[in-house]
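These protein sequence lines map, in sequence, to chains G and P.
Letter by letter, the first sequence follows residues 19 to 479 of our numbering.
Letter by letter, the second sequence follows residues 31 to 454 of our numbering.
Backbone N, C-alpha and C define an ideal beta-carbon position, used for all residues, glycine too.
See structure below.
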Amino acid sequence: MGVAGATQTLAVPRTSSLNWDNPSYRVLRRMGYGITDFEIAQLNQGGIPGYVGRQLKHKSVSDGSLETIVRIHCPLLRRSVTQLMRMSNDEAMSQQLVAMSMMRPVLSKRQVYERMVEFWLDHFNISLEKVEVAMLIPYVMAVRENAMGSFLTLLKATATSPAMMMYLDNYVNYGTSPNQNYGRELLELHTLGVDGGYSQEDVIQCALCLTGWTIEFDDSKSNFGAFKFDSTAHANGNKQVLGRTITASGRAQGERLLEILATHPSTARNICRKLIRWFVGPAVPPDLLAAASARFLTTNGSITEVLKVILLSPSIAASPPKLKRPFHLFASAARGTGMNKWNVAQMTEGLYDLGHFPFLWGPPNGYPDTTAYWSGGLLARINFGFDLAVDAYQSKIPLNNFRGATALSVSQKLEKRLFAGELASSDQSMIRSIVAENPADDNVIRGGIALGLASPTFQWY
Amino acid sequence: MRHQACREYESLTRRSVLKGSAYALAAAALAPGWLPQVAYASGGAVRDVVVTVFLRGGADGLSLVPPHGDSNYYNLRPTQAVPHPSSGHSQKAVDLNGFFGLSAAMSPLKGAYDDQNLAIIHAVGAENWSRSHFDAMKWMETSSRELAVNTGWLGRHLSMTPPMNSSTDLRGVSMTYGIARILAGGDKTLPVPSPDDFGFQWVLKENPELLESLRSAYNAQENELKAVFNDTVHTISLLEAIQFGAYTTSGTRQYLEDDLGRTMKATAALMHANVGIEAIHIDVPDWDTHEGQGTVDGDLAARMTTLAGNLAALYDDLLAKGITRWTLVVHSEFGRTAAENNSGGTDHGTGGAMFVMGPSVNGGQVYGTWPGLGPDQLFENQDLVVTTDYRSVLCEIVTRRLLNPNIGALFPGFSPTYLNILSA
Numbered sequence: 019m020g021v022a023g024a025t026q027t028l029a030v031p032r033t034s035s036l037n038w039d040n041p042s043y044r045v046l047r048r049m050g051y052g053i054t055d056f057e058i059a060q061l062n063q064g065g066i067p068g069y070v071g072r073q074l075k076h077k078s079v080s081d082g083s084l085e086t087i088v089r090i091h092c093p094l095l096r097r098s099v100t101q102l103m104r105m106s107n108d109e110a111m112s113q114q115l116v117a118m119s120m121m122r123p124v125l126s127k128r129q130v131y132e133r134m135v136e137f138w139l140d141h142f143n144i145s146l147e148k149v150e151v152a153m154l155i156p157y158v159m160a161v162r163e164n165a166m167g168s169f170l171t172l173l174k175a176t177a178t179s180p181a182m183m184m185y186l187d188n189y190v191n192y193g194t195s196p197n198q199n200y201g202r203e204l205l206e207l208h209t210l211g212v213d214g215g216y217s218q219e220d221v222i223q224c225a226l227c228l229t230g231w232t233i234e235f236d237d238s239k240s241n242f243g244a245f246k247f248d249s250t251a252h253a254n255g256n257k258q259v260l261g262r263t264i265t266a267s268g269r270a271q272g273e274r275l276l277e278i279l280a281t282h283p284s285t286a287r288n289i290c291r292k293l294i295r296w297f298v299g300p301a302v303p304p305d306l307l308a309a310a311s312a313r314f315l316t317t318n319g320s321i322t323e324v325l326k327v328i329l330l331s332p333s334i335a336a337s338p339p340k341l342k343r344p345f346h347l348f349a350s351a352a353r354g355t356g357m358n359k360w361n362v363a364q365m366t367e368g369l370y371d372l373g374h375f376p377f378l379w380g381p382p383n384g385y386p387d388t389t390a391y392w393s394g395g396l397l398a399r400i401n402f403g404f405d406l407a408v409d410a411y412q413s414k415i416p417l418n419n420f421r422g423a424t425a426l427s428v429s430q431k432l433e434k435r436l437f438a439g440e441l442a443s444s445d446q447s448m449i450r451s452i453v454a455e456n457p458a459d460d461n462v463i464r465g466g467i468a469l470g471l472a473s474p475t476f477q478w479y
Numbered sequence: 031m032r033h034q035a036c037r038e039y040e041s042l043t044r045r046s047v048l049k050g051s052a053y054a055l056a057a058a059a060l061a062p063g064w065l066p067q068v069a070y071a072s073g074g075a076v077r078d079v080v081v082t083v084f085l086r087g088g089a090d091g092l093s094l095v096p097p098h099g100d101s102n103y104y105n106l107r108p109t110q111a112v113p114h115p116s117s118g119h120s121q122k123a124v125d126l127n128g129f130f131g132l133s134a135a136m137s138p139l140k141g142a143y144d145d146q147n148l149a150i151i152h153a154v155g156a157e158n159w160s161r162s163h164f165d166a167m168k169w170m171e172t173s174s175r176e177l178a179v180n181t182g183w184l185g186r187h188l189s190m191t192p193p194m195n196s197s198t199d200l201r202g203v204s205m206t207y208g209i210a211r212i213l214a215g216g217d218k219t220l221p222v223p224s225p226d227d228f229g230f231q232w233v234l235k236e237n238p239e240l241l242e243s244l245r246s247a248y249n250a251q252e253n254e255l256k257a258v259f260n261d262t263v264h265t266i267s268l269l270e271a272i273q274f275g276a277y278t279t280s281g282t283r284q285y286l287e288d289d290l291g292r293t294m295k296a297t298a299a300l301m302h303a304n305v306g307i308e309a310i311h312i313d314v315p316d317w318d319t320h321e322g323q324g325t326v327d328g329d330l331a332a333r334m335t336t337l338a339g340n341l342a343a344l345y346d347d348l349l350a351k352g353i354t355r356w357t358l359v360v361h362s363e364f365g366r367t368a369a370e371n372n373s374g375g376t377d378h379g380t381g382g383a384m385f386v387m388g389p390s391v392n393g394g395q396v397y398g399t400w401p402g403l404g405p406d407q408l409f410e411n412q413d414l415v416v417t418t419d420y421r422s423v424l425c426e427i428v429t430r431r432l433l434n435p436n437i438g439a440l441f442p443g444f445s446p447t448y449l450n451i452l453s454a
């Protein structure tokens with residue numbers, strides 16, 4: 019008897035059963051947190067290629083009012099690690115970090131960029147269970163800064179962050195007694211991948227290269243809490259990693275290691291495979307993986323160049339829908355309803371109940387991105403939609419977005435805002451029949467919103 | 031240097047959990063009394079309910095069950111050894127058999143061990159080729175080398191055996207937000223993070239016609255969410271009938287007032303309700319002790335205290351209630367390095383310890399072959415050698431207590447060596 023489930027394929031909906039007829043919309047759904055009027059208008063300027071081209075130059079996409087909101091409400095996010103470490107208002111820090119992390123994906127016009135930030139913060143996961151928020155804030159800002167640049171720069175930003183030193187114990191990686199935790203995850207998760215062809219000896223040598231990479235713990239120093247290289251803790255001498263000899267010494271040794279890793283073919287493959295899973299789906303087309311990996315290597319790990327290959331490939335429009343992770347569900351619900359402010363403390367409770375609270379995944383592999391992991395949590399998802407619709411999180415939905423003279427106009431507004439007008443006919447009947455009860459009654463409109471958010475179609479993207 | 035993750039943040043994010051327990055307390059006051067058994071008519075084979083407990087992060091078997099009789103233990107662990115039973119230390123090991131002991135923090139389990147209902151297997155684990163958490167966990171939970179296999183061995187067991195109770199709506203419960211991989215692929219199996227707080231939002235409760243609309247919508251499409259929706263609805267009615275809030279402990283030991291204590295108590299309530307649940311999975315996080323592990327009176331000791339205290343409470347409770355058909359297994363993806371590192375912690379290792387508890391366990395013994403901790407006895411000069419494959423232990427549970435002879439489907443390509451930890 020064979021292994022049950024060995025050839026099991028997950029039953030996901032077909033795009034046709036959700037009436038997702040417009041191939042451009044299928045791509046837009048995958049590149050962001052829900053289609054709004056802005057994205058639809060963008061299609062008129064060069065279709066998907068034009069949209070992708072502009073999104074990849076994300077700094078040119080204006081986010082003016084959002085920047086102002088974040089600047090006013092989240093001032094602590096601009097502080098240095100030393101300034102934050104000298105403060106004692108961790109609660110305000112956490113709230114501002116989480117508020118920013120929830121607001122930007124919802125309100126930003128730079129949707130591809132925000133999807134990439136989410137991707138990298140899982141790839142280079144750090145948990146607040148182990149790292150204090152004063153260190154996490156500059157880390158998140160550094161990842162955001164480098165999310166669309168060069169992979170090597172991003173890798174170095176994470177490797178020289180006190181948050182990562184703390185999270186994976188490199189701050190106690192001494193030459194006399196190496197701590198392998200960061201060295202191992204650097205190879206297994208951050209770069210080469212578990213099948214990337216390294217040995218236990220490579221892990222040890224890798225850890226040795228990074229001995230002395232630590233944090234300034236002396237609070238009398240001006241760089242208190244920041245990354246520092248401690249040459250007295252560094253294991254001197256050449257290192258052999260992946261069959262190559264690293265002769266550089268001191269801090270340069272670790273930097274050379276990161277360069278070797280960031281440009282390694284296994285890394286190209288590992289990162290591209292994960293990006294394809296992120297944007298396309300669990301079935302990775304071999305041709306696309308080969309093309310993306312090749313681009314990664316020829317451009318020295320340019321993230322935007324790799325994204326061009328993936329986002330412009332026909333694979334996205336041809337792939338079956340992906341299940342939204344709970345954070346995505348939240349963000350798309352907030353975008354769809356037009357909710358433009360919310361009570362962060364209340365809303366985070368919703369994310370907690372959904373099992374997808376920002377920065378609370380303990381192990382370093384990041385929140386999963388699989389249907390198998392998240393589909394069982396349907397009850398929490400349905401409840402979340404209903405809570406949102408009745409303002410249970412003290413986060414008001416502007417009902418004016420949905421009011422209309424007739425049942426049909428109210429329903430169509432719901433369908434357009436939540437689904438870009440494309441949803442399963444059974445979901446459409448469900449929404450239309452409740453709205454028909456009394457389209458002038460706000461509670462009926464809320465019921466329509468709730469059913470929309472809790473509907474089968476809304477769970478996918 | 032501040033070194034604690036922000037406590038305010040913790041309390042903020044944990045509030046919903048606390049809210050859940052307040053709700054449970056209120057229900058306890060109002061409920062008409064514990065409903066004895068919401069049982070369905072039983073049919074089919076009578077198998078044990080299996081409870082799997084996974085210590086995530088790689089638990090240090092040499093601290094859980096210290097080999098105090100191996101002199102190398104104290105050489106390798108100058109600061110991170112459990113003090114010898116004959117020492118005067120207040121946190122000294124409790125001796126089990128003259129060679130092994132339980133750490134003081136684990137000593138609540140001594141009762142079950144003395145009752146011969148708790149067996150310990152040492153130097154147990156998986157053949158390890160990467161010392162990676164994720165590789166090791168995927169391997170242990172799926173027990174298949176094939177990358178495409180994402181179902182767990184326990185999930186496959188549930189999918190290939192007829193239900194013990196043919197009318198049941200819920201056979202497998204993963205007490206986690208997402209389903210634990212060990213149970214993935216299981217028939218009628220759901221993640222239920224808190225069984226005492228699993229129901230629809232109030233609008234849906236007060237407006238059954240809305241729920242009916244959703245039921246039609248979810249059943250109109252053939253995809254994975256259809257089955258999840260229907261299983262969820264059935265599970266809600268099943269769990270509501272159990273009335274967790276009114277469940278009272280019967281043992282002399284109480285469950286601890288922590289997350290694991292609430293989970294263990296809910297486990298007992300599920301088993302006592304006898305509604306056809308066959309498998310319950312519990313995750314216990316944070317065993318990855320690279321730094322400042324605190325074996326004797328620090329973090330690791332605290333984790334062992336909650337683990338052992340709650341396991342002992344579950345044992346007492348089930349025993350007092352006369353529930354006899356259950357087997358519980360505790361395992362972890364790997365053990366840790368034999369020597370402590372300079373950070374007062376231990377790194378990823380190989381061999382570790384497993385526990386099997388239940389009325390059918392031939393307990394009161396430490397099973398396995400001790401490979402020694404001497405310089406030339408370690409695996410790759412650093413880890414406890416694995417002398418018992420974890421699958422041998424699980425195979426015994428599967429064949430003798432879950433009455434499933436088809437271990438080839440659960441553990442492909444493996445030939446177990448039975449240690450006779452369990453009676454058939």
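For chain G, is any of its Cβ atoms less than 9 Å away from the one on residue 163 of chain P?
yes
Is residue 405 of chain P buried or exposed, if buried means 16 or more other CB atoms sit within 10 Å of its CB?
exposed
Which residues in chain P sit within 8 Å of residue 351 of chain G, going by Cβ to Cβ distance?
In chain order: nothing, as chain P lies at least about 14 Å away.
What are the start and end residues of the beta strand (DSSP E) that includes residue 223 of chain G?
Per DSSP, residue 223 of chain G belongs to no beta strand (DSSP E); it is in the alpha helix (DSSP H), 218-227.
Hey, could you find the ends of the alpha helix (DSSP H) residue 256 of chain P is sitting in?
254-272
If the cut is a Cβ gap below 8 Å, which residues of chain G does residue 336 of chain P touch?
Chain-order list of chain G residues neighbouring residue 336 of chain P: empty, with the shortest C-beta distance near 16 Å, by a criterion of under 8 Å.
Rounded to whole angstroms, what's the CA-CA distance from residue 471 of chain G to residue 453 of chain G? Just pull it up for me.
14 Å
Pairwise C-alpha distance: residue 283 of chain P and residue 264 of chain G
The alpha-carbon atoms of residue 264 of chain G and residue 283 of chain P are separated by roughly 58 Å.
Taking C-alpha atoms, which residue in G:214, G:183, G:436 lies nearest to residue 200 of chain G?
G:183
Residues in the same chain with beta-carbon distance under 6 Å from residue 279 of chain P, minus the five sequence neighbours each way, listed in chain order, please.
347
From residue 362 of chain G to residue 450 of chain P, what does the alpha carbon distance come to, in whole angstroms?
55 Å
Could you round the C-beta distance between residue 389 of chain G and residue 341 of chain G to whole angstroms and report it? I think they count as a contact, below 8 Å.
4 Å
Is residue 365 of chain P helix, strand or coil by DSSP?
coil
Using the rule of at least 16 other Cβ atoms within 10 Å of the residue's Cβ for burial, across every protein chain shown, is residue 198 of chain P buried or exposed?
Buried, by the Cβ-count rule.
Proximity test, Cβ basis, 9 Å: residue 179 of chain G and chain P
no
For the stretch 382-399 of chain G against the stretch 432-446 of chain G, do three or more pairs of beta-carbon atoms, one drawn from each stretch, fall closer than 8 Å, so that the two count as touching?
no
Report the three-state DSSP secondary structure of residue 262 of chain G (helix, strand or coil).
strand
Beta-carbon of residue 316 of chain P versus every beta-carbon of chain G: anything under 9 Å?
yes
Do you know how far the Cα of residue 179 of chain P is from the Cα of residue 452 of chain P?
29 Å
Any non-hydrogen atom of the ligand HEM closer than 8 Å to residue 123 of chain G Cβ:
Here there are no bound small molecules, and the ligand HEM is not part of this structure.
Assigned exposure category for residue 256 of chain G - 16 Cβ within 10 Å defines buried:
exposed
Kindly confirm or deny that the stretch 272-286 of chain G and the stretch 307-319 of chain G touch, where touching means at least three C-beta pairs closer than 8 Å.
yes
Kindly list, in the order they appear in chain P, the residues whose Cβ is closer than 8 Å to that of residue 391 of chain G.
208, 209
On the three-state DSSP scale, how would you describe residue 116 of chain G?
helix
Cβ atoms of residue 317 of chain P and residue 85 of chain P: under 9 Å apart, would you say?
yes
Below-9 Å beta-carbon distance, residue 404 of chain G vs any chain P residue:
The Cβ of residue 404 of chain G sits closer than 9 Å to at least one Cβ of chain P.
With a Cβ-Cβ cutoff of 9 Å, do residue 216 of chain P and residue 187 of chain P count as a contact?
Against a cut-off of 9 Å, the Cβ pair of residue 187 of chain P and residue 216 of chain P comes out as a contact.
Determine the burial state of residue 182 of chain P: buried for a count of at least 16 other Cβ atoms within 10 Å of its Cβ, exposed for fewer.
buried
Just by C-beta distance, which residues in the stretch 178-201 of chain G are closer than 7 Å to chain P?
187, 190, 192, 194, 195, 197, 198, 199
Cut-off 8 Å between Cβ atoms - residues of its own chain near residue 306 of chain G, not counting five sequence neighbours on either side:
294, 298, 327, 328, 331, 333
Mind checking the stretch 288-322 of chain G against chain P and listing, in chain order, the residues whose C-beta falls within less than 7 Å of any C-beta there?
none
For residue 294 of chain P versus residue 149 of chain P, is the C-beta spacing smaller than 9 Å?
Against a cut-off of 9 Å, the Cβ pair of residue 149 of chain P and residue 294 of chain P comes out as no contact.
Name, please, each residue of chain P whose Cβ falls closer than 7 Å to the Cβ of residue 279 of chain G.
The contacting residues do not exist; residue 279 of chain G stays about 16 Å from chain P at best.
By how many angstroms is the C-alpha of residue 224 of chain P removed from the C-alpha of residue 95 of chain G?
35 Å
Any C-beta of chain G sitting closer than 9 Å to the C-beta of residue 54 of chain P?
In this predicted model, residue 54 of chain P has a pLDDT of only 30, less than 50, meaning its place in the structure is not dependable; the value taken from the coordinates is given anyway. So no, residue 54 of chain P is outside the interface.
What residues in its chain sit with their C-beta under 6 Å from that of residue 369 of chain P, if we drop five residues either side in the sequence?
106
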